[in-house]
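Our numbering numbers the first residue of the sequence shown as 8 and each following residue consecutively.
A virtual CB, placed ideally from N, CA and C, is assigned to each residue, including glycine.
Data first, discussion second: the structure below is written as structure tokens.
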Amino acid sequence: MKKLTLRLLPILAFLLFWDISAYAELLGDRIKPFLSVKEIYDSNIFKVKDEEQLRSLIGDDQLSDFVTIFTLGTGLNFQISRQEIDILLKKDFLRYGHYTSQNAQQDEVKGNISLRILDRISAKITGDYTKSLEPREYYRTQEKVERTTKVGGASLGYDLPSNFSIHAGFRQEEVDFSIPELENRERTDKSYSGTLAYSPSTETKFEIAYERHDFDYEIPQYIGGRLVSNDSTGDAIKAIFTRKFSPKTAISLSAGYLWRKFDEFSARDFQGTTGKAEVNYGITEKLVLYAMAERKLYEELFLDQTYSVNESFGLGAAYKPTEKIETFVYGSTSKRSYKGEADIITTTYPPRKDRTNEIKTGMGWYPVIRLGLTLLYRYTTRNSNLDMYDYRSHGVELGVSYKF
């Protein structure tokens, strides 16, 4: 902890005593630059079971490391009459203390154009580009893995009388990876959606939605010694309810049914419920409780798996003792059931199932306008029926940020 603090002290002093309020006022509301520095200690960088497993993976047995993350970015907002453009530009520089081969850069570019055509017709065009390091708990390799995601989409809405509205949308997502071992995970997902919504008030909304996904994978995957196409289609229907009771009390519920059908090996097909529930409850002006539960499918990177069914639950609290201090504590547990070779062909290995538990707590201090300091502690464990995937780690994050 002392080492983390010493590495950030010069930057903190610079931001506290450098008078940049004039520059911030000059930028106004349209251009909003920001910068931050975060120092992280992670006791298990590669998310492995022990030193012996790490040595066999990379030839080194040091589990822990320090990571420094420098972030620069800006937000842009332009409004012309009833039309609006929002853009986010962000770049991260990651620097490791011991494992310098893992040094990397992350990029994020997001933008959307919101259009209001007449009084009842609206449209939105979105674009998104991200290049980021894949979290270590999702794959096993000594190399760093960068995921590049490109997203584009458009939607059209029409407001009907009596507080009803209809929306139709199209979205395309392309996912690529930086190492050849994951070429069979590279894909294009084209999705089509239609929604009927009813809003009896500004605080309440009901929605019925239909979604269609077409997954097109670049190359086949080896299953049982033969190449198999990963292409599939998915159809989902869901109902959504959102209600805001007060500024700090709200509920959001989503429940539906998903059909997933693969072009080859129908044993991988999925039919089942999906959904998400989120509840925020403001006990007082300073104390808020929140809970979350979710069931969804996740496209896996582990080479012997296709996808997983994730069931997660979380519970937390946020407390704001003063205007300048915020604290929180959050705990979650998730069960991950994999659909892989063991479910498709006869093998000697049982289907993989993981249980991940995490608790984190932290605080934020905002001593002056636009300047923030954050401190976070996290402890995570994963227990699998295949013990080679077990791991535990804890970490501390100390950060300082400035928003112009």
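Those residues which DSSP pairs with residue i across a bridge
i, result
"E46", "T75 and L405"
"N170", "According to DSSP, N170 bridges with nothing at all."
"N237", "BP columns for N237 are empty, so no partner."
"K367", "Y337 and R385"
"V182", "T156 and R194"
"H378", "A small fix is needed here, since residue 378 is Leu in this sequence, not His. Answer by DSSP bridge pairing, in chain order: Y409."
"E115", "K97 and T137"
"L163", "A130 and A175"
"D221", "K197 and T240"
"T209", "In DSSP, T209 forms no bridge with anything."
"L122", "A130"
"G82", "K39 and L95"
"Y103", "V74"
"N390", "R362"
Coil, strand or helix - residue i by DSSP
i, result
"E214", "strand"
"P142", "coil"
"Y398", "strand"
"G63", "Note that residue 63 corresponds to Ser in the displayed sequence, not to Gly. Residue state, collapsed to three classes: helix."
"P40", "strand"
"P227", "coil"
"R127", "coil"
"R147", "coil"
"Q109", "helix"
"L203", "strand"
"L189", "helix"
"S88", "coil"
"L33", "For L33, the predicted model reports a pLDDT of 44, less than 50, meaning its position is unreliable and no value from the coordinates is stated."
"S28", "Reliability of the predicted coordinates at S28 is poor, the pLDDT of 41 falling under 50, and the value obtained from them is presented with this limitation in mind. In this structure, S28 counts as helix in the three-state DSSP scheme."
Buried/exposed call for residue i, threshold 16 Cβ in 10 Å
i, result
"L61", "buried"
"L34", "With a pLDDT of 48 at L34, under the threshold of 50, the predicted position of this residue should be treated as unreliable, though the coordinate-derived value follows. Under this definition L34 is an exposed residue."
"N287", "buried"
"G201", "exposed"
"R127", "exposed"
"N237", "buried"
"R37", "exposed"
"E32", "At E32, the pLDDT of 45 sits below 50, so the modelled position is not reliable; the number obtained from the coordinates is stated separately. Classification of E32: exposed, given that the 10 Å Cβ count is below 16."
"T313", "buried"
"N110", "exposed"
"T107", "exposed"
"E404", "buried"
"T291", "exposed"
"K293", "exposed"
"G406", "buried"
"N414", "Nothing in the structure corresponds to residue 414, since the chain is present only between 8 and 411."
"V44", "buried"
"M318", "Looking at the sequence shown, residue 318 is not Met but Glu. E318 should be labelled exposed."
"T280", "exposed"
"V74", "buried"
"Q90", "exposed"
"I173", "exposed"
"G66", "exposed"
"Q69", "exposed"
"G379", "buried"
"Y305", "exposed"
"Y229", "exposed"
"S63", "exposed"
"E190", "exposed"
"D361", "buried"
"K138", "buried"
"R233", "exposed"
"R359", "buried"
Short CB-CB distance (under 8 Å) between residue i and chain B
i, result
"Y48", "In the structure shown, chain B does not exist; there is a single protein chain."
Using 8 Å as the threshold, is the segment 134–153 in touch with the segment 176–191, meaning 3 or more CB pairs across them?
yes
Flag this pair as touching only if the segment 391–407 and the segment 47–54 have three or more C-beta atom pairs under 8 Å; answer yes or no.
yes
Three or more beta-carbon pairs under 8 Å between the segment 72–88 and the segment 164–181, yes or no?
no
Taking contact to mean at least 3 C-beta pairs separated by less than 8 Å, is the segment 202–213 in contact with the segment 222–237?
no
Which ranges would you report for the beta strand (DSSP E) in the segment 300–360 if only whole runs of at least 3 residues count?
312–329 and 332–347
With contact counted as at least three CB pairs below 8 Å, one residue from each stretch, are the segment 322–335 and the segment 345–365 in contact?
no
Scan the segment 240–309 and note each continuous beta strand (DSSP E) run of 3 residues or more that stays entirely inside, going in chain order.
256–269, 277–289 and 294–306
On the three-pair Cβ rule with 8 Å, is the segment 297–304 touching the segment 272–288?
yes
Tell me, please, whether the segment 111–118 touches the segment 134–141 by the rule of three or more beta-carbon pairs shorter than 8 Å.
yes
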